[in-house]
Amino acid sequence: MDSTPIHLTSQQLSFFQTFGYLGFPGLLSDRIGEIIGEFEAVWSERGGGHHGRPHDGKARSCIVPFLDQREKLCSLLDDPRIHGMAVSLLGEDFNYMGSDGNYYAGDTGWHSDGWHRDILHVKIALYLDPLTRDTGALRVIPGSHRIGDHYADGLQEGVRKSQDLWGMGGRDVPAVALETRPGDVVLFNHNTKHASFGGSGRRRMFTINLSQRYPEDRIEALRTYISGAARFWIDHVYGEAMVRTAGPGRLRHLDQVMANDGHLAELSRQARLKMTEPSRG
Ligand SMILES: O=C(O)CCC(=O)C(=O)O
444 MDSTPIHLTS QQLSFFQTFG YLGFPGLLSD RIGEIIGEFE AVWSERGGGH
494 HGRPHDGKAR SCIVPFLDQR EKLCSLLDDP RIHGMAVSLL GEDFNYMGSD
544 GNYYAGDTGW HSDGWHRDIL HVKIALYLDP LTRDTGALRV IPGSHRIGDH
594 YADGLQEGVR KSQDLWGMGG RDVPAVALET RPGDVVLFNH NTKHASFGGS
644 GRRRMFTINL SQRYPEDRIE ALRTYISGAA RFWIDHVYGE AMVRTAGPGR
694 LRHLDQVMAN DGHLAELSRQ ARLKMTEPSR G
């Protein structure tokens, strides 16, 4: 495969800056058979659901990190289409920040994945079943990522109180539904408010988290972000296959996190003492 990154257009970048998300219909349709096969293989190897137990269709099952479980999934980071969107949004030296694989069950309420002022974090998501607005497609609130903006700050304060504030449940909050088919890719700023409603008990999806490289004077913030992974009971952010199969190009996107996750094993040890199972998300 030619590894030259396929960059986003200036219109795509401008749309992302304004609205906080992008959709790419059919972007990976040539690889989707392989991707779904690898996705299912990971779950089979891991007992079918959360923490080695079968998926029961009632609660979300989650595996972190996910890409890292299979060499072919790791190679998505090198795919010129994924790599190109990452470079376009985050720069040549972007960080891979881990991934999660999921069988979702039911609705996901409105939330942001972070509330980052200065360092851009994005999530790339692949949904592996056809999804419509009312059967679990990802919904986003355009412009909700813009911290400091009256509108976005108001949503941050109020979106989980929609019934009290606006007299409507979460599913009626005005939003864009990113209806997808397998092979489509969606991407959003971690700050962007997102949710989903009406999904089945076995909605398949995995994500790739990326960020700008942290400046040296913000390394403590990077370590704090990494600490959050202790709830998944992992000792390192990356799995063995991700590092072993990395060429010099991929390593550039791993080295800053690898240099700063030395504290994670102890935090995970402590988490194992307090939690009955690793976090489901
Ligand atoms: O698809 C969903 O239900 C929500 C996904 C989500 O919240 C996330 O990946 O952060």
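Take any residue in the sequence shown, note its place counting from 1, add 443, and you have its number in this note's numbering. Positions of the beta carbon are idealized from the N, C-alpha and C atoms, including for glycine.
Proximity test, residue i beta-carbon vs ligand 1 heavy atom, cut-off 8 Å
| i | result |
| --- | --- |
| Asp572 | no |
| Gly644 | no |
| Tyr547 | yes |
| Leu738 | Residue 738 is absent from the model: the chain starts at 444 and stops at 724. |
| Lys501 | no |
| Asp556 | yes |
| Asp577 | no |
| Met540 | no |
| Ser587 | no |
| His498 | no |
| Ser518 | no |
| Ser654 | no |
| His494 | no |
| Ala638 | yes |
| Asp627 | no |
| Thr650 | yes |
| Ala568 | yes |
| Thr667 | no |
| Thr551 | yes |
| Asp543 | yes |
Whole-angstrom distance between residue j and residue i, CA atom to CA atom
| i | j | result |
| --- | --- | --- |
| Arg576 | Arg647 | 16 Å |
| Cys517 | Trp609 | 43 Å |
| Lys604 | Ile584 | 15 Å |
| Ile651 | Leu571 | 14 Å |
| Arg687 | Tyr657 | 24 Å |
| Leu451 | Leu716 | 45 Å |
| Ala618 | Leu598 | 12 Å |
| Thr578 | Gly476 | 22 Å |
| Asp607 | Gly724 | 26 Å |
| Gly682 | Ile478 | 18 Å |
| Val616 | Ala484 | 37 Å |
| Glu720 | His494 | 7 Å |
| Ala620 | Gln460 | 18 Å |
| Phe640 | Gly549 | 7 Å |
| Tyr547 | His588 | 24 Å |
| Gly490 | Asp499 | 12 Å |
| Asp536 | Met611 | 43 Å |
| Phe462 | Gly586 | 4 Å |
| Gly552 | Arg624 | 22 Å |
| His593 | Gly601 | 12 Å |
| Asp643 | Ala502 | Inspection of the sequence shows that residue 643 is occupied by Ser rather than by Asp. Whole-angstrom Cα-Cα distance: 11 Å. |
| Met528 | Met540 | 15 Å |
| Glu622 | Arg582 | 8 Å |
| Val530 | Leu519 | 14 Å |
Residue j beta carbon less than 9 Å from that of residue i
| i | j | result |
| --- | --- | --- |
| Ile506 | Gly544 | yes |
| Phe675 | Ala568 | no |
| Ser542 | Leu563 | no |
| Asp698 | Ala672 | no |
| Val526 | Pro468 | Here residue 526 turns out to be His, not Val, going by the sequence shown. Not closer than 9 Å, so no. |
| Asp521 | Arg695 | no |
| Pro508 | Ile677 | yes |
| Gly613 | Ala638 | yes |
| Leu574 | Leu465 | no |
| Arg474 | Ala684 | no |
| Arg524 | Leu470 | yes |
| Trp486 | Gly480 | no |
| Asn538 | Ser654 | yes |
| Val565 | His633 | yes |
| Gly690 | Ser472 | no |
| Arg636 | His554 | Before going further, note that residue 636 is Lys rather than Arg in the sequence given. Yes, these two residues count as a Cβ contact at 9 Å. |
| Arg661 | Asp556 | no |
| His706 | Arg666 | yes |
Residues that DSSP places opposite residue i in a beta bridge
| i | result |
| --- | --- |
| Leu465 | Leu630 |
| Leu506 | Looking at the sequence itself, residue 506 is Ile, so the reference to Leu does not match. DSSP, once it has assigned bridges, lists Gly544 as partnering Ile506. |
Start-end ranges of the beta strand (DSSP E) lying completely within the stretch 529-608, minimum 3 residues:
Annotation note: the stretch 529-608 contains the following uninterrupted beta strand (DSSP E) runs of length 3 or greater, listed N- to C-terminal: 538-547, 551-554, 564-570, 581-583.
My parser needs the alpha helix (DSSP H) runs of 4 or more residues fully inside the stretch 603-683; what are they?
If only complete runs of 4 or more residues are kept, the stretch 603-683 shows the alpha helix (DSSP H) at 605-609, 662-670, in order along the chain.
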